[in-house]
Amino acid sequence: MNRFLVVVAAAVLAVTPAFGQQAIRSLPQPVATQPSIPAPRDVAYPGTLKLEVDATDLDRRIFGIKQSIPVTGPGPQTLLYAQWIMGNHAPRGPIYNYSGVTMTANGKPLAWTRDPGDVYAFHVNVPQGAKSIEVEAQFLSAIEPAQGPVMMTPEMLRLNWYIAALYPAGHYARRVNFDVTVKLPQGWDYATALETASSSNGVVKFKTTDWETVIDSPLFAGKYMRKFDLDPGGRSRVTLNAMGDELGQVDPSPEVIQVHRNLIVQADKLYGARHFNHYDFLLSVSDRLSGAGIEHQRSSDNGVGSGYFRNWDSGFVSKDLLAHEYNHSWNGKYRRGADLWTPNFNTPMRNSMLWLYEGQTQYYGNVLATRSGFVSKQQALDLIANNAAMYDARTGRNWRPLIDTTMDPIIAARRSLPWQNWQRSEDYYSEGQLIWMDVDTLIRERSGGKRSLDDFAKAFFGVNDGDWGTLTYTRKDVVATLNKIEPYDWEMFFKARVDDVAKKAPLDGLERGGYRLVYGDTPNAVWRDGEVRSRGANLLYSIGLSVDQNGKILLIQWDGPAWKAGLNTSLTVTGINGQAFSTDRLRAAVAATKAGAPVDLLIRMGETFKTVRIDYRGGHRYPRLERITGKPAYIDDILTAR
Ligand SMILES: [Zn+2]
Numbered sequence: 013m014n015r016f017l018v019v020v021a022a023a024v025l026a027v028t029p030a031f032g033q034q035a036i037r038s039l040p041q042p043v044a045t046q047p048s049i050p051a052p053r054d055v056a057y058p059g060t061l062k063l064e065v066d067a068t069d070l071d072r073r074i075f076g077i078k079q080s081i082p083v084t085g086p087g088p089q090t091l092l093y094a095q096w097i098m099g100n101h102a103p104r105g106p107i108y109n110y111s112g113v114t115m116t117a118n119g120k121p122l123a124w125t126r127d128p129g130d131v132y133a134f135h136v137n138v139p140q141g142a143k144s145i146e147v148e149a150q151f152l153s154a155i156e157p158a159q160g161p162v163m164m165t166p167e168m169l170r171l172n173w174y175i176a177a178l179y180p181a182g183h184y185a186r187r188v189n190f191d192v193t194v195k196l197p198q199g200w201d202y203a204t205a206l207e208t209a210s211s212s213n214g215v216v217k218f219k220t221t222d223w224e225t226v227i228d229s230p231l232f233a234g235k236y237m238r239k240f241d242l243d244p245g246g247r248s249r250v251t252l253n254a255m256g257d258e259l260g261q262v263d264p265s266p267e268v269i270q271v272h273r274n275l276i277v278q279a280d281k282l283y284g285a286r287h288f289n290h291y292d293f294l295l296s297v298s299d300r301l302s303g304a305g306i307e308h309q310r311s312s313d314n315g316v317g318s319g320y321f322r323n324w325d326s327g328f329v330s331k332d333l334l335a336h337e338y339n340h341s342w343n344g345k346y347r348r349g350a351d352l353w354t355p356n357f358n359t360p361m362r363n364s365m366l367w368l369y370e371g372q373t374q375y376y377g378n379v380l381a382t383r384s385g386f387v388s389k390q391q392a393l394d395l396i397a398n399n400a401a402m403y404d405a406r407t408g409r410n411w412r413p414l415i416d417t418t419m420d421p422i423i424a425a426r427r428s429l430p431w432q433n434w435q436r437s438e439d440y441y442s443e444g445q446l447i448w449m450d451v452d453t454l455i456r457e458r459s460g461g462k463r464s465l466d467d468f469a470k471a472f473f474g475v476n477d478g479d480w481g482t483l484t485y486t487r488k489d490v491v492a493t494l495n496k497i498e499p500y501d502w503e504m505f506f507k508a509r510v511d512d513v514a515k516k517a518p519l520d521g522l523e524r525g526g527y528r529l530v531y532g533d534t535p536n537a538v539w540r541d542g543e544v545r546s547r548g549a550n551l552l553y554s555i556g557l558s559v560d561q562n563g564k565i566l567l568i569q570w571d572g573p574a575w576k577a578g579l580n581t582s583l584t585v586t587g588i589n590g591q592a593f594s595t596d597r598l599r600a601a602v603a604a605t606k607a608g609a610p611v612d613l614l615i616r617m618g619e620t621f622k623t624v625r626i627d628y629r630g631g632h633r634y635p636r637l638e639r640i641t642g643k644p645a646y647i648d649d650i651l652t653a654r
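Going by the working numbering, the sequence shown runs without a break in its numbering and finishes at 654.
Shown next as structure tokens:
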């Protein structure tokens, strides 16, 4: 319809209301859909699937894939690409880069169709006489970080088998067997929790195992890889497999290796039992491969920036990473919330217990990192202070209970948020950490220092030594075990802090542990290290914003002084009180507010400029912990090596 006719039609409608009353509105009904994907059953899939991955195309970062999927007869068959990836807590299997998919049976092309209601499912009709479905495909891994995690560089690669494989619907993942083979670039070494059957000329064949174990055992391979025995003569092998952009990045001193060995000792002392027959820390030290931190039962996938070993004494970043992921072998992998365990990777996983899975792991990751010597006690206190301050100022706690944030990996998918402080994020990690400190100090106080959360850890996670299956639990089990350690109304305790809107941050554990959170003029060492690394200025608890080195606003505290001045994260600070922007000038301006000086910011928004006055008089407010004299220092004891 052209514009003239629209005007005429509108005019006719305007003068003839009866015509308007006869307007029709069609009301459709949904099309009935048939459930077309068989539900997983605890029944063995007949035969063994073959999966061959060619990981040698470093120039194009393409993984070549061949699969042979045995079938027992003709008829419909559904093949799945894993959607719910363990450790992601979300349905984000990277199917968008699974490409070039062709299938054959009896040597002839086999047409596939994708399920319109579930794009992770492929339907085929197996012809008479076919013994297997042959699949060829590629996984086109990211060339640039904006396309997803970078999995391949000229020096190293990370291979998660879920990127490469289809598996049959209708069976539990542990009932589907795989023979996995990978072809690696010449001369590269590799590491994985899978057990090698044979290896020659860069082709590695692994022993037959089930899909649940395969998907839980990623492979690292690199030109520069070094292996360190972290438990010499121990009851089960524990290896640190470190690969770097260059050999000099994976050359830790004996003292640093000793710290990593201490972690194995401290975890044994905490939990007693082990839930692996061997364990591999997979560690990439690289500025080119994407970073990571994903837990597995018998390994962990860790990616840190260059300098992790080289700048060991000056860096605080990622120091708890290995302790965190190792802890997950007990908490998260072996013991898992009953609603999170699923029979396969295309069944929705439910996150209701992540405040234990991730919250307590965040707690013990930091505690074990300190007990082992990854960080000093003072650094640990600084880290606790910075974390406590974040939740102390978390305005989103006024509307959103912590339990609701366990669904944030699904809701927000880890994208950047316009008002993170108000929206909250995956707060079950680090607010969970504070809640478990609360529990730990409460057990200590009530038992007169005789018992602690360590007793819970041993009783709950340290059972069935050597079992590397999965033992599920419910919240009732958690409360029951806590009650055995120290009788208390733990259900009400968690209801108030986890289920309900809790307007006050859970800082009781700090004070009960002998410390209070205070704010002062000087940043603590960990805070300063963060600013040195980012080259920005973090002024969130004073004027309520943080900026990068160029003045681009990174975060704004909801309802804080910068928020009240109308600023947002699309803006750039270009001037301060009549001078050009620098982070030092911004800090100096905030310091001068105590004496009544203004903070006038020249703000750039696209092609326009405006001056904004921030109404603030408080000077700097950097968090730190202050010892409460006369109170038992439970936190000191918590952080001390066993
Ligand atoms: Zn974790």
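Glycine is no exception: its CB is placed at the ideal position from the N, C-alpha and C atoms.
Here the structure is a predicted model, which is why all the values come from computation and not from measurement.
Using only alpha-carbon positions, find the residue among the options that is nearest to residue i.
| i | options | result |
| --- | --- | --- |
| asparagine 358 | Pro40, Ile647, Glu498, Leu91 | Leu91 |
| arginine 53 | Thr581, Val538, Gly182 | Gly182 |
| leucine 259 | Glu267, Leu39, Arg238, Trp324 | Arg238 |
| aspartate 257 | Met361, Ser48, Val271, Asp299 | Asp299 |
| leucine 567 | Val262, Gly556, Phe472 | Gly556 |
| threonine 114 | Ala123, Glu443, Pro106 | Ala123 |
| valine 387 | Leu651, Thr220, Asn410 | Leu651 |
| serine 175 | Leu368, Ile107, Asp351 | It is worth fixing the name first, because residue 175 is isoleucine in this sequence and not serine. For the residues Leu368, Ile107, Asp351, the minimum Cα distance to isoleucine 175 belongs to Ile107. |
| threonine 204 | Ser212, Arg186, Val226 | Val226 |
| leucine 393 | Ser48, Val538, Gln41 | Val538 |
| serine 546 | Asn536, Ser554, Ser558, Tyr553 | Ser558 |
| phenylalanine 232 | Leu169, Asn550, Ala285, Gly284 | Leu169 |
| tryptophan 502 | Leu519, Ala517, Gly481, Ile447 | Ile447 |
| threonine 220 | Arg187, Arg249, Asp241 | Arg187 |
| aspartate 243 | Leu275, Asp263, Glu224, Met255 | Leu275 |
| asparagine 378 | Trp342, His336, Leu352 | His336 |
Could you tell me whether any Cβ in chain B is nearer than 8 Å to the Cβ of residue i?
| i | result |
| --- | --- |
| arginine 616 | Here there is only one protein chain, and chain B is not present. |
Got a sec: does ligand 1 put a non-hydrogen atom nearer than 7 Å to the Cβ of residue i?
| i | result |
| --- | --- |
| threonine 373 | yes |
| glutamate 443 | no |
| histidine 340 | yes |
| glutamate 370 | yes |
| histidine 336 | yes |
| glutamate 146 | no |
| glutamate 307 | yes |
Which value, in whole angstroms, describes the spacing of the CA atoms of residue i and residue j?
| i | j | result |
| --- | --- | --- |
| leucine 414 | alanine 401 | 16 Å |
| lysine 507 | glycine 371 | 15 Å |
| threonine 605 | leucine 494 | 48 Å |
| asparagine 109 | aspartate 69 | 16 Å |
| aspartate 596 | methionine 419 | 39 Å |
| leucine 366 | tyrosine 440 | 7 Å |
| leucine 636 | lysine 389 | The sequence as given places arginine at residue 636; leucine does not occur at that position. For arginine 636 and lysine 389, the distance between alpha carbons rounds to 13 Å. |
| alanine 26 | arginine 37 | Note that alanine 26 has pLDDT 48, beneath the 50 cutoff, so the model's placement of it is unreliable and the number below is only indicative. Those two C-alpha atoms are separated by around 19 Å. |
| arginine 458 | isoleucine 497 | 11 Å |
| glycine 460 | isoleucine 396 | 24 Å |
| aspartate 66 | leucine 152 | 12 Å |
| leucine 522 | valine 216 | 51 Å |
| alanine 514 | arginine 409 | 6 Å |
| valine 277 | valine 585 | 49 Å |
| arginine 412 | glutamine 445 | 18 Å |
| valine 544 | glycine 327 | 10 Å |
Kindly indicate which three-state DSSP category residue i falls into: helix, strand or coil?
| i | result |
| --- | --- |
| methionine 361 | coil |
| leucine 294 | strand |
| valine 18 | In this prediction, valine 18 has a pLDDT of 45, which is less than 50 and means its spatial position is unreliable; what the coordinates show is noted afterwards. Looking at valine 18 - three-state DSSP - the assignment turns out to be helix. |
| threonine 486 | coil |
| alanine 401 | helix |
| glutamine 163 | Looking at the sequence shown, residue 163 is not glutamine but methionine. Note: methionine 163 maps to coil in three-state DSSP. |
| leucine 25 | Confidence is the limiting factor: at leucine 25 the pLDDT is only 48, short of 50, which leaves the residue's position unreliable, though a coordinate-based value still follows. Helix, per DSSP. |
| glycine 12 | The structure shown does not extend to residue 12, since the chain is modelled only from 13 through 654, so no value can be given for it. |
| serine 459 | coil |
| aspartate 477 | coil |
Next on the checklist: Which complete beta strand (DSSP E) runs does the region 551-629 hold, if anything under 3 residues is left out?
Outcome noted: Note on the region 551-629: whole beta strand (DSSP E) runs with a minimum of 3 residues are 557-559, 565-568, 584-588, 611-617, 620-626, in chain order.
Checklist entry - Unbroken beta strand (DSSP E) runs of length 3 or more, entirely within the region 147-223: which are they? => result 168-171, 178-180, 189-195, 201-204, 208-212, 215-218
Item to check | Segments assigned beta strand (DSSP E), at least 3 residues, entirely inside the region 42-74 | outcome: As far as the region 42-74 is concerned, its whole beta strand (DSSP E) runs of at least 3 residues are 60-69.
Next on the checklist: Give the list of continuous alpha helix (DSSP H) stretches no shorter than 4 residues that lie fully inside the region 332-379.
Outcome noted: 333-339, 366-369
Next on the checklist: If we require 3 or more residues per run, which beta strand (DSSP E) segments fall completely within the region 67-130?
Outcome noted: 74-82, 87-93, 110-117, 124-127
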